[in-house]
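Here is the structure we will look at, set down as structure tokens.
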Amino acid sequence: GDSVTQMEGPVTLSEEAFLTINCTYTATGYPSLFWYVQYPGEGLQLLLKATKADDKGSNKGFEATYRKETTSFHLEKGSVQVSDSAVYFCALSDRTSYGKLTFGQGTILTVHP
Amino acid sequence: DAGVIQSPRHEVTEMGQEVTLRCKPISGHDYLFWYRQTMMRGLELLIYFNNNVPIDDSGMPEDRFSAKMPNASFSTLKIQPSEPRDSAVYFCASSPGLAGGFGPNEQFFGPGTRLTVL
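So the protein sequences, as listed, match chains V and Y.
Be aware that the first sequence starts at 1, since it is given in our numbering, and climbs by one per residue.
Be aware that the second sequence starts at 1001, since it is given in our numbering, and climbs by one per residue.
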């Protein structure tokens, strides 16, 4: 079945540092890929998405490129801020799953001033 | 739109009691999902509905859990009887469904209900 694997956390960075959170997936079809973010005490919200190979999703300075050859969708940001501290989830969905998302385990990011 | 609405936001109950969690999805969304989040197990999909019909309930942990969606604007998740291991944050999410040639749509999450079973 479908699965998503994220890099182990937690990740702790200083403000303005470069961020990478790795995500790889296994899927039988041609999935769409997502990054969701969960701020403390809140529900998850969509950060960015990509629906086909080589697409790049971007939002709020975050980027991720859909790499079919390496089955990856790594999240990057060039300069993190304290306000980026949150839990980040990689997820996939394919058309055979009728909109159901398969989530990774989540990566906790803490950014210090 | 107010987004996905969940109630209550916090629930504290004693073991053996019945617990009912409520969700109002975003108007016009065809899909509704119930998730459970714990530190140990992460985010788990419990059940989801399409047009008020349950599609996949394989994530429901046991018969103590049940979910209904009597109409397009309301869903409940019930635990009876509750146990301490049910303590978690329960999220409801809704989605407008498949976006045609662009694949699955995003899910919109509610703020969650934090359940504590003593």
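No residue lacks a Cβ here, since even glycine has one placed at the ideal position from N, Cα and C.
Rounded separation between residue i and residue j - CA only
| i | j | result |
| --- | --- | --- |
| Y:Q950 | Y:C1023 | For chain Y, the structure presents residues 1001 to 1118; residue 950 of chain Y sits outside this window and is missing. |
| V:Y30 | V:K52 | 8 Å |
| Y:R1085 | Y:R1041 | 12 Å |
| V:Y25 | V:M7 | 12 Å |
| V:C23 | V:C90 | 6 Å |
| V:V80 | V:F103 | 23 Å |
| Y:I1055 | V:A17 | 43 Å |
| Y:M1060 | Y:I1047 | 6 Å |
| Y:S1058 | V:E15 | 42 Å |
| Y:R1009 | Y:Y1090 | 10 Å |
| V:K49 | V:L75 | 11 Å |
| V:K60 | V:L101 | 23 Å |
| V:L19 | Y:M1069 | 41 Å |
| Y:H1029 | Y:P1111 | 17 Å |
| V:G9 | V:G57 | 23 Å |
| Y:A1072 | V:T28 | 31 Å |
| Y:N1105 | V:T12 | 31 Å |
| V:G41 | V:D84 | 14 Å |
Residues near residue i in its chain [Cβ-Cβ closer than 6 Å; skip 5 each side]
| i | result |
| --- | --- |
| Y:I1005 | K1024 |
| Y:T1116 | V1012, S1087 |
| Y:K1078 | T1020, S1066 |
| V:L44 | Y36, Q38 |
| V:D55 | Y66 |
| Y:F1109 | F1091, A1093 |
| Y:F1049 | L1032, M1069 |
| Y:S1007 | R1022 |
Own chain partners of residue i with C-beta closer than 7 Å, once the 5 adjacent residues on each side are dropped
| i | result |
| --- | --- |
| V:A86 | V37, Q38, Y39, L109 |
| Y:I1026 | D1001, G1003, V1004, S1094, F1108 |
| Y:E1083 | M1015, V1117 |
| V:L46 | F34, Y36 |
| Y:L1043 | Y1035, Q1037 |
| Y:N1051 | D1030 |
Same chain only: Cβ atoms within 8 Å of residue i, ignoring 5 sequence neighbours per side
| i | result |
| --- | --- |
| V:K68 | A53, D54 |
| Y:E1018 | K1078, I1079, Q1080, P1081, S1082 |
Residue i Cβ short of 7 Å to the ligand MG heavy atom set
| i | result |
| --- | --- |
| Y:M1040 | Summarising the ligand content, the structure contains no ligands, and the ligand MG is consequently not present. |
Runs of 4 residues minimum, wholly inside the stretch 1030-1085 of chain Y: which ones carry the alpha helix (DSSP H) assignment? none
Taking 8 Å as the threshold, find out whether the stretch 98-112 of chain V comes into contact with the stretch 55-65 of chain V through three or more Cβ pairs. no
Output needed in chain order: residues of the stretch 37-49 of chain V with a Cβ under 9 Å from some Cβ in chain Y. Q38, G41, E42, G43, L44, Q45, L46, K49
At what residue ranges does the stretch 55-112 of chain V contain a whole run of the beta strand (DSSP E), taking only runs of 3 or more? 56-59, 62-65, 75-77, 86-93, 107-112
Give, in chain order, every residue of the stretch 1011-1025 of chain Y whose Cβ lies closer than 8 Å to some Cβ of chain V. none
Residues of the stretch 1049-1076 of chain Y with a CB closer than 9 Å to any CB of chain V: list them in chain order, please. N1050, I1055, D1056
For the stretch 97-112 of chain V, enumerate the residues whose C-beta is nearer than 9 Å to any C-beta of chain Y, in chain order. S97, Y98, G99, K100, L101, T102, F103, G104, Q105, G106
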